[in-house]
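Novice: Numbering (our numbering), first residue to last: -6 to 298.
Got a structure for you, written out below as structure tokens; questions coming shortly.
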Amino acid sequence: MPPIRFGILPIGSAAESLEQWRPLLDDLQKRLGRRVTTVSASSYAGLSDAIGAQRVDVAFLSGKLAVEAVSHQHMQVFAQFVRNDGAKGNVAMLVVRSDSSIHSLDDLLAAQGHWRYARSEHLSVTGYTAPEAYVFAPHGLNSDTFFGSVRVGDHQSNLLAVVNREVDVASSNNPDMDLFRRNFPQEAAQLKVIWRSSLIPSGVLVLREGMPESLRRQLADFLLAYGKGSGEAGVRERASLARIPDLGGFASENNHVLQPFVDMQYTLLRQQAEHGQWVSPQARQARLAQIEKDYRHASQPLLSH
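Below is the structure:
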């Protein structure tokens, strides 16, 4: 019997994420009576490639990766993360040192070409798309050209880079900030947040469309009920969930929950096109028309389940 291949989007390092998920996946293995193996990529792109190559059956993904998986890689959303405070979302942040001369967003935006920035890959919602869509693009700016230098890394190493004065500002989010406080309490005390986004929908769980229906149902039923039971088993499951930063459980969902991510990407691309340098008004208009077409195309699969 082939194993169930579970893809994990890393919070912190890939090895750390694997350790956080292990107790839950061990319980899933027992329940299904078949092996559960993990696909823990060190990057968003690596996990997306594994899903595209059909090497993943079920996965935890953030919004932008999930849109790609649903639109092009034969996956379907069946659950959304619920934070341990009950919220179904995270907040993107821009973070500096407490003793930085950047006291506010205005300070940051006032000095083009001066600051050093640490961000996540383009596939990261909180680490790239949200700051780009809500901070830089509305001012006609692009972070890749606005900053004196840009480095791309995972959230934890980016926050350490701020502490160590290797960069001036980093993008992050509340689960990764919480994890950083847990792992590096002294360093975390040296950081301050200068910008927070509004609530961005949490990551989701997706299932491969080609799996047998009975197995899909077993997987969904197990994960949706996990941590909600009474007695010793419920207490133990909730302790396993608590190992994964900010996770309180899973709520039933479908593809439509991804619409805000498609909307955010659309907003970003439209702002970039409107503020961009174009050889002619016709070229600008053609780009805007293409963005509209892509937006309709990306929204379509989100309505179908």
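From the three backbone atoms N, C-alpha and C, an ideal C-beta is built for every residue, glycine too.
In this text the structure is predicted, and so the values were computed from the model without any measurement.
Report the three-state DSSP secondary structure of serine 94 (helix, strand or coil).
Specialist: coil
Novice: With respect to the beta strand (DSSP E) encompassing tyrosine 110, which residues constitute its N-terminal and C-terminal limits?
Specialist: 109 to 112
Novice: Ordered along the chain, which non-local residues of its own chain (more than five positions away) have a Cβ less than 8 Å from that of proline 294?
Specialist: Val63, Ser64, Asn248
Novice: Between aspartate 137 and valine 143, what straight-line distance do the alpha-carbon atoms span, to the nearest angstrom?
Specialist: 6 Å
Novice: If distances are taken between C-alpha atoms only, which option among Asn176, Ser35, His96 comes closest to serine 113?
Specialist: Ser35
Novice: Is it right to say alanine 120 is buried, meaning 16 or more other beta carbons lie within 10 angstroms of its own, or is it exposed?
Specialist: According to the sequence shown, residue 120 is glycine rather than alanine. Classification for glycine 120: buried.
Novice: Thinking C-alpha only, which one of Gln258, Arg277, Ser10 is nearest glycine 56?
Specialist: Checking every option, the nearest Cα to that of glycine 56 belongs to Gln258.
Novice: Alpha carbon to alpha carbon, how far is aspartate 100 from valine 155? Give it in angstroms, no decimals.
Specialist: 17 Å
Novice: Whole angstroms are fine: how far does the CA of leucine 11 sit from the CA of proline -5?
Specialist: 20 Å
Novice: Hey, could you find the ends of the beta strand (DSSP E) serine 245 is sitting in?
Specialist: 240 to 245
Novice: Please confirm whether valine 255 and serine 292 have their CB atoms less than 8 Å apart.
Specialist: yes
Novice: Give, in chain order, every unbroken run of the alpha helix (DSSP H) that is at least 4 residues long and sits entirely within the stretch 110 to 167.
Specialist: Qualifying alpha helix (DSSP H) stretches, in chain order: 136 to 139, 148 to 156.
Novice: Using DSSP's beta-bridge definition, name the partner residues of isoleucine -3.
Specialist: Val29
Novice: May I ask you to list the residues that DSSP assigns as paired with arginine 76?
Specialist: BP columns for arginine 76 point to Leu240.
Novice: Spatial neighbours of isoleucine -3 within its chain, please: C-beta separation below 6 Å, excluding the five flanking residues on both sides.
Specialist: The residues are Val29, Asp50.
Novice: Within the same chain, show all residues whose beta-carbon is closer than 6 Å to that of valine 84, passing over the 5 residues directly before and after it, in chain order.
Specialist: Around valine 84: Asn167, Arg189, Ser190.
Novice: Can aspartate 365 and proline 3 be called in contact, C-beta distance under 8 Å?
Specialist: Because residue 365 is not part of the residues shown, which for the chain are -6 to 298, the question remains open.
Novice: Alpha carbon to alpha carbon, how far is glycine 141 from tyrosine 110?
Specialist: Their backbone Cα atoms lie some 8 Å apart in a straight line.
Novice: In three-state terms, what does DSSP make of glycine 196?
Specialist: coil
Novice: Give the C-beta separation of serine 165 and valine 88 to the nearest angstrom, bearing in mind that I take them to be a contact with Cβ-Cβ under 8 Å.
Specialist: Going by Cβ atoms, the distance from serine 165 to valine 88 rounds to 5 Å, so yes, they are a contact pair.
Novice: Alanine 52 and phenylalanine -1: beta carbons closer than 8 Å?
Specialist: yes
Novice: From what residue to what residue does the alpha helix (DSSP H) around valine 185 run?
Specialist: The question names valine, yet the displayed sequence has lysine at residue 185. Not the alpha helix (DSSP H): lysine 185 falls in the beta strand (DSSP E), residues 184 to 189.
Novice: To the nearest angstrom, report how far apart glutamine 13 and threonine 31 are at their CA atoms.
Specialist: 12 Å
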